[in-house]
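**Q** First the structure, which I've put down as structure tokens, then a few questions once you've had a look.
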Amino acid sequence: MQISNNQNLYNTYYKSREKLDVLPIEVFEIDKSNITKDKDISNNIETKPYVTATNSTFAYAIKSGIDKDTPVYNYFINLGEQQTEYIETEGKYLDPNAYSWYQSHKIATYGNLYEDAKDFENFVDNLMQQGYKENDALGRATVYAKAGLLDYGKQKAISIDPLAYDDKKQHGFHLIDNPPLKKAFLETLDSLDNVTASQLVANFFEDFPNKVPTAFQELLSQFGIKLEELKETQSEEERSKFTFTGDININEQMSLEYHNFIFDTLIGFFEDRVIFLEELEEKKPDSRLENLRNAYDILIENFKKNTKEHNETKNILNQYLKP
1 MQISNNQNLY NTYYKSREKL DVLPIEVFEI DKSNITKDKD ISNNIETKPY VTATNSTFAY
61 AIKSGIDKDT PVYNYFINLG EQQTEYIETE GKYLDPNAYS WYQSHKIATY GNLYEDAKDF
121 ENFVDNLMQQ GYKENDALGR ATVYAKAGLL DYGKQKAISI DPLAYDDKKQ HGFHLIDNPP
181 LKKAFLETLD SLDNVTASQL VANFFEDFPN KVPTAFQELL SQFGIKLEEL KETQSEEERS
241 KFTFTGDINI NEQMSLEYHN FIFDTLIGFF EDRVIFLEEL EEKKPDSRLE NLRNAYDILI
301 ENFKKNTKEH NETKNILNQY LKP
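Under UniProt numbering, the first residue of the sequence shown carries the number 1, and numbering increases by one thereafter.
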């Protein structure tokens with residue numbers, strides 16, 4: 001499947017690249033308070049009610065018949081005058097997205113908690129049926145939402161930082177049209193624990209350069225520039241006939257050869273991320289870095305599997321459509 005010219009280009013880049021400067025370990029810090037899977041779950045969860053007073057706050061209250069107009073977050077409604085004034089005069093300008101969640105929590109009731117976010121609600125409910133506590137299920141749902149793999153609509157059950165309230169679908173895989181990659185990423189998240197899944201999404205979409213949802217695209221563009229610079233050092237025979245611009249979207253109008261060029265470039269990019277993490281770990285050993293590196297390894301294998309299936313399907317289709 002791989003296009004040899006592009007692979008040679010990546011290998012040349014890999015051998016000649018300088019070691020990356022060490023980033024502060026805080027880059028990988030995440031809040032683990034709401035994303036720790038309950039390890040004390042009985043294997044026989046089917047015989048027990050999955051919504052109880054001890055493993056749920058919202059779902060249990062709703063199941064118990066609480067008035068739908070009851071406010072969910074009295075804390076935000078009853079903030080002191082000084083704190084409210086600060087939020088309204090300064091806070092909303094310092095962090096508009098966080099302010100949007102503050103506003104949503106003020107109007108959250110048990111009747112509009114999930115509002116139009118039915119997929120998000122079902123995702124949480126399904127995890128609870130598997131044995132997750134509600135807080136852990138909500139935490140995992142935010143990971144998929146941040147990746148653009150789960151629409152969060154106007155749900156008010158949990159803030160999804162650094163995104164804003166009311167899903168505009170302008171982040172993560174909402175901006176990427178590459179089915180094999182999307183499927184591989186989803187499969188990878190499904191195989192990871194909550195903490196590692198959160199780390200992968202944060203590293204993939206947020207951490208570089210400034211915790212913005214477009215960071216992945218910016219890193220890809222930088223990678224493409226380096227590859228093109230190295231192409232100038234190669235002979236005419238070694239050069240790929242394609243130029244990588246940072247755009248990884250694919251469509252039916254593109255040739256299968258170009259699809260594979262994009263796939264190979266992405267594999268090279270992910271392998272480069274693994275090397276980056278190895279270098280970082282050498283400087284300052286940390287189990288989180290090892291877990292994140294392993295997550296990228298899983299992603300690479302899933303992506304290779306899905307690109308192989310993509311090629312097989314396209315080849316069968318091409319044979320069928322031949323005159």
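From the three backbone atoms N, C-alpha and C, an ideal C-beta is built for every residue, glycine too. All of these numbers come straight from a predicted model, not from anything done at the bench.
Give me the Cα-Cα distance between residue 350 and Leu277, rounded to the nearest whole angstrom.
**A** Outside the shown range of the chain, which is 1 to 323, sits residue 350, and nothing can be said about it.
**Q** Go to Asp136, then tell me how far its alpha helix (DSSP H) extends in each direction, as first and last residue.
**A** Residue mapping note: residue 136 aligns to position 136 of the sequence shown, counting from 1. From DSSP, the alpha helix (DSSP H) with Asp136 extends over Glu134 to Lys146.
**Q** Compare the C-alpha of Ala59 against each of Phe303, Lys304 and Gly111 and name the closest.
**A** Working through the sequence shown from its first residue, we reach residue 59 at position 59. Per the Cα distances, Gly111.
**Q** So, with DSSP's three-state summary, where would you put Asn306?
**A** Counted from its first residue, the sequence shown places residue 306 at position 306. If DSSP states are grouped into helix, strand and coil, Asn306 belongs with the helices.
**Q** Return the CA-CA distance between Lys308 and Asp119, expressed in angstroms with no decimal places.
**A** Position 308 of the sequence shown, counted from the first residue, corresponds to residue 308. Position 119 of the sequence shown, counted from the first residue, corresponds to residue 119. Using only the alpha carbons, I get a separation of about 30 Å.
**Q** Would DSSP call Pro71 helix, strand or coil?
**A** As a position in the sequence shown, residue 71 is number 71, starting the count at 1. Three-state result, Pro71: strand.
**Q** Within 10 Å of its beta-carbon, does Ala53 have 16 or more other beta-carbons around it, so buried, or fewer, so exposed?
**A** Along the sequence shown, read from residue 1 onward, the residue named residue 53 stands at position 53. Ala53 is exposed by the Cβ-count criterion.
**Q** Please work out which residues of its chain come closer than 7 Å, Cβ to Cβ, to Ala61, disregarding the five sequence neighbours upstream and downstream, and give them in chain order.
**A** The sequence position of residue 61 within the sequence shown is 61, counting from 1. For Ala61, where only same-chain residues beyond five positions count, the Cβ hits under 7 Å are Tyr110.
**Q** Using 8 Å as the threshold, is the region 130-141 in touch with the region 154-164, meaning 3 or more CB pairs across them?
**A** Because the criterion of three Cβ pairs below 8 Å is met, the region 130-141 and the region 154-164 touch.
**Q** Using C-beta distances below 8 Å, list every residue in its chain close to Glu115, excluding the 5 sequence neighbours before and after it, in chain order.
**A** Residue mapping note: residue 115 aligns to position 115 of the sequence shown, counting from 1. Within the same chain, Glu115 has close Cβ partners Gly153, Lys154, Gln155 and Lys156.
**Q** In its own chain, which residues sit with a C-beta less than 7 Å from the C-beta of Thr142, not counting the 5 before and 5 after it?
**A** By one-based count along the sequence shown, residue 142 stands at place 142. Correct list, in chain order: Ile158 and Ile160.
**Q** Just tell me which of Ile176, Lys183, Arg293 and Tyr99 has its CA closest to the CA of Gly246.
**A** The residue you call residue 246 lines up with position 246 of the sequence shown. Minimum Cα distance to Gly246 is reached at Ile176.
**Q** Using the Cβ count rule (16 or more neighbours within 10 Å means buried), how would you classify Phe303?
**A** Taking the sequence shown and counting its residues from 1, one reaches residue 303 at position 303. Buried, since its Cβ has 16 or more Cβ neighbours within 10 Å.
**Q** According to the Cβ coordinates, are Gly148 and Phe173 closer than 8 Å?
**A** The residue you call residue 148 lines up with position 148 of the sequence shown. The residue you call residue 173 lines up with position 173 of the sequence shown. Their beta carbons are under 8 Å apart, which means Gly148 touches Phe173 by this criterion.
**Q** Out of curiosity, what's the CA-to-CA distance linking Lys305 and Phe261?
**A** On the sequence shown, residue 305 is found 305 positions in, with the first residue counted as 1. On the sequence shown, residue 261 is found 261 positions in, with the first residue counted as 1. Each residue's alpha carbon lies about 16 Å from the other.
**Q** Does the distance from the C-beta atom of Leu127 to that of Lys146 stay below 8 Å?
**A** To locate residue 127, count along the sequence shown from 1; it is residue 127. To locate residue 146, count along the sequence shown from 1; it is residue 146. Contact: no.
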